[in-house]
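Residue numbers (this note's numbering): 1 to 180.
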């Protein structure tokens, strides 16, 4: 049978198969060094509190070590690998779908505990649980989620908006109600 692809040609489609098999505890150490559990809070007038909450797990690596990120993606069976920026030599493996965070990422790190990033992971996991219970859709629950999110990753020092601005904006939105 003839094929248009030369024998031995690389498959041009991105796949999840990797020749690396990773030990789960190696993955824990790798994530402790190169990973991030984050919860972003973005202004969105179309949601109940006026702010959208997005939990995401990221893992970073230089482009020449893409195979490592592919092996992690294979291990978890979810997420995507993308360039960190348009001109960056760094790739990021990211998982942002709550279903995948709840069903794969959180259980993995509950079973294989982190060391360096344990506190951030525990807050991250709590936020995801609160969101599953839809607590973030009430004013008190939203405030608890935001306070937890801002307590992560060096107390939220890299955030563009202060916690006061987010909480003030959410209370104003809650009083006015979401747009019709």
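Backbone N, C-alpha and C fix where the C-beta goes; we use that ideal spot for every residue, glycine too.
Small disclaimer: the values here were computed from a predicted structure and weren't measured.
The beta carbon of residue 102 is closer than 7 Å to those of 128, 132 in its chain, skipping five residues each way along the sequence.
The way I'd put it, the stretch 26-38 does touch the stretch 54-63; three or more beta-carbon pairs between them come closer than 8 Å. Residue 100 is a Cβ neighbour of residue 78, given a cutoff of 8 Å. For the beta strand (DSSP E) assignment, the uninterrupted runs of no fewer than 3 residues enclosed by the stretch 70-106 are, from N- to C-terminal side, 80-83, 90-95.
Across the structure, residue 163 and residue 74 are spaced so that their CA atoms are roughly 37 Å apart. Restricted to the stretch 108-138, not a single beta strand (DSSP E) segment is unbroken, complete and at least 3 residues in length. In the structure shown, the three-state DSSP call for residue 45 is coil. Bounds of the alpha helix (DSSP H) holding residue 32 are 24-34.
Exposure of residue 119 is indicated by the presence of fewer than 16 other C-beta atoms within 10 angstroms of its C-beta.
Take residue 28, set aside five residues on each side of it, and the residues of its chain with a beta-carbon closer than 8 Å to its own are 109, 112, 113, 114, 115, in chain order.
For residue 167, the three-state secondary structure derived from DSSP is helix. The beta-carbon separation of residue 53 and residue 91, rounded to 25 Å, does not stay under the 8 Å limit for a contact. Judged by beta-carbon spacing, residue 24 lies beyond the 8 Å limit of residue 124, meaning their Cβ atoms are not closer than that value.
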